[in-house]
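Working notes, beginning with the structure itself.
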Amino acid sequence: MELAILTSGGDAPGMNAVIRSFVRQGLLGQHRVWGILRGLEGLVRGTRQELKTESVADIIMTGGTMLHTCRFGDFHSPTTQQMAVKQMRDWGLDGLAVIGGNGSLRAAHAISAAGFPVVGIPASIDNDVYGTDDCIGFDTAVNNITASIDKIRDTASSHERIFVVEVMGNRSGALAIGAGLAAGAEAIVIPERPVNPEVIAERLQTTHARGKKHSFIVVAEGADRAERLANELNGMTGFEVKWVVLGHTQRGGPPSAKDRLLGSVFGSAAVSSLEQGAHGVMIGVQNGKTCWVPLASVAESEKPAQFDWLDLAEQLAL
Ligand code: F6P
Numbered sequence: 048m049e050l051a052i053l054t055s056g057g058d059a060p061g062m063n064a065v066i067r068s069f070v071r072q073g074l075l076g077q078h079r080v081w082g083i084l085r086g087l088e089g090l091v092r093g094t095r096q097e098l099k100t101e102s103v104a105d106i107i108m109t110g111g112t113m114l115h116t117c118r119f120g121d122f123h124s125p126t127t128q129q130m131a132v133k134q135m136r137d138w139g140l141d142g143l144a145v146i147g148g149n150g151s152l153r154a155a156h157a158i159s160a161a162g163f164p165v166v167g168i169p170a171s172i173d174n175d176v177y178g179t180d181d182c183i184g185f186d187t188a189v190n191n192i193t194a195s196i197d198k199i200r201d202t203a204s205s206h207e208r209i210f211v212v213e214v215m216g217n218r219s220g221a222l223a224i225g226a227g228l229a230a231g232a233e234a235i236v237i238p239e240r241p242v243n244p245e246v247i248a249e250r251l252q253t254t255h256a257r258g259k260k261h262s263f264i265v266v267a268e269g270a271d272r273a274e275r276l277a278n279e280l281n282g283m284t285g286f287e288v289k290w291v292v293l294g295h296t297q298r299g300g301p302p303s304a305k306d307r308l309l310g311s312v313f314g315s316a317a318v319s320s321l322e323q324g325a326h327g328v329m330i331g332v333q334n335g336k337t338c339w340v341p342l343a344s345v346a347e348s349e350k351p352a353q354f355d356w357l358d359l360a361e362q363l364a365l
């Protein structure tokens, strides 16, 4: 078979581990493997490169994506989708793997609906893709945020300050919940369950009256701005409240071992799926088991927020 792989949307640490696994598993199966450069735009513009075993050497431990990526809004148009499918047919490709988050997986579904064999692989630090417990990149981002908060904790403790830390996540609070629980935050603010700042202010006053000297509030970018919330909490409590936006540092750096493992499993499973003619699916993981999820349901459904972790974080922040 002639197989191709691309990365699309925001990069996520572990994407390179997927590419390495897909390429090597494809070559083991006697297939020819191509990398499409710069995501869906590259598909339409026809930029590709053949990938050999040595092309993917020494990338398992690197963040970002060796194939480059982009956000390509034009792919919503059916004309553009048809151009992409025509390009792949002209090239003589038999199957495509799309690595990315919700927007990219919706694009994969559109390609599949147009009759081309495609398999999706969920990769997004937001961890907001329906049908999979984990997306590639989430674990690394949680580790990155936790490490940043640990560092800020030293200065917060020295000055006895409160910090509001804004994290990514787009419209989802999954990253804020995971990182907030792991970092021991006093409050986590997510778009799925809005909270009145007065409630947070009251909690800060109670815990500080009991002797707490510093506190952290993790706010998801989809819920509020750190600066705004910090100013509001300062006005309500009189405490010194600083704010930090972690930005793209959350997405960079070497992937965690978990993301490399998941990437290796997902890349290999994508090749097997295409070999078996099982396409129009996303490779996912549910309760520790690799599974297939129809791309149609991924495209149509929302992943529910993990409220049990949010509640636990609140209970533990005494
Ligand atoms: O989807 C991943 C993500 O990092 C979101 O959390 C964030 O809102 C967005 O991408 C940022 O996008 P960009 O890197 O294009 O600014």
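Numbering (this note's numbering) for the sequence shown: 48 to 365. C-beta atoms are modelled at their ideal positions from N, C-alpha and C, and glycine is treated no differently.
Any non-hydrogen atom of the ligand F6P within 8 Å of residue i CB
{"i": "Leu-222", "result": "yes"}
{"i": "Glu-268", "result": "yes"}
{"i": "Gly-216", "result": "yes"}
{"i": "Ala-360", "result": "no"}
{"i": "Gly-57", "result": "yes"}
{"i": "Asp-173", "result": "yes"}
{"i": "Gln-77", "result": "no"}
{"i": "His-295", "result": "yes"}
{"i": "Arg-298", "result": "yes"}
{"i": "Arg-153", "result": "no"}
{"i": "Arg-250", "result": "no"}
{"i": "Gly-148", "result": "yes"}
{"i": "Arg-275", "result": "no"}
{"i": "Arg-85", "result": "no"}
Proximity below 9 Å, CB of residue i to CB of residue j
{"i": "Ser-311", "j": "Arg-67", "result": "yes"}
{"i": "Ile-237", "j": "Gly-269", "result": "yes"}
{"i": "Gly-167", "j": "Gly-184", "result": "no"}
{"i": "Leu-143", "j": "Pro-169", "result": "no"}
{"i": "Glu-279", "j": "Gly-76", "result": "no"}
{"i": "Gly-61", "j": "Leu-309", "result": "yes"}
{"i": "Asp-173", "j": "Gly-216", "result": "yes"}
{"i": "Lys-350", "j": "Val-176", "result": "yes"}
{"i": "Ala-203", "j": "Lys-289", "result": "yes"}
{"i": "Thr-136", "j": "Phe-163", "result": "Strictly speaking, residue 136 in this sequence is Arg, with Thr absent from that position. Taking 9 Å as the Cβ cut-off, Arg-136 and Phe-163 qualify as a contacting pair."}
{"i": "Ala-232", "j": "Met-283", "result": "no"}
Nearest residue (CA-CA) to residue i, options the options
{"i": "Leu-114", "options": "Ala-131, Gly-142, Arg-136, Gly-82", "result": "Gly-82"}
{"i": "Trp-220", "options": "Val-103, Arg-275, Ala-203, Ala-234", "result": "As written in the sequence, residue 220 is Gly, which differs from the Trp given in the question. Selected option, being the one with the closest Cα: Ala-234."}
{"i": "Val-242", "options": "Trp-138, Leu-84, Gly-86, Val-265", "result": "Val-265"}
{"i": "Ser-102", "options": "Phe-119, Thr-94, Arg-200, Arg-71", "result": "Arg-71"}
{"i": "Asp-58", "options": "Gly-93, Asp-137, Gly-150", "result": "Gly-150"}
{"i": "His-206", "options": "Lys-259, Gly-300, Arg-240, Gly-139", "result": "Lys-259"}
{"i": "Trp-138", "options": "Thr-179, Asp-121, Asp-186, Arg-79", "result": "Arg-79"}
{"i": "Gly-93", "options": "Val-211, Val-291, Leu-53", "result": "Leu-53"}
Secondary structure of residue i, DSSP reduced to three states
{"i": "Ser-55", "result": "coil"}
{"i": "Ser-171", "result": "coil"}
{"i": "Thr-337", "result": "strand"}
{"i": "Arg-208", "result": "coil"}
{"i": "Glu-49", "result": "strand"}
{"i": "Val-176", "result": "coil"}
{"i": "Leu-143", "result": "strand"}
{"i": "Arg-95", "result": "strand"}
{"i": "Ala-352", "result": "coil"}
{"i": "Ala-364", "result": "coil"}
{"i": "Ala-270", "result": "coil"}
{"i": "Ile-247", "result": "helix"}
{"i": "Pro-85", "result": "Looking at the sequence itself, residue 85 is Arg, so the reference to Pro does not match. Here Arg-85 sits in coil by DSSP."}
{"i": "Glu-233", "result": "coil"}
Chain B contact for residue i (CB, 9 Å cutoff)
{"i": "Val-145", "result": "This model lacks chain B altogether; it includes just one protein chain."}
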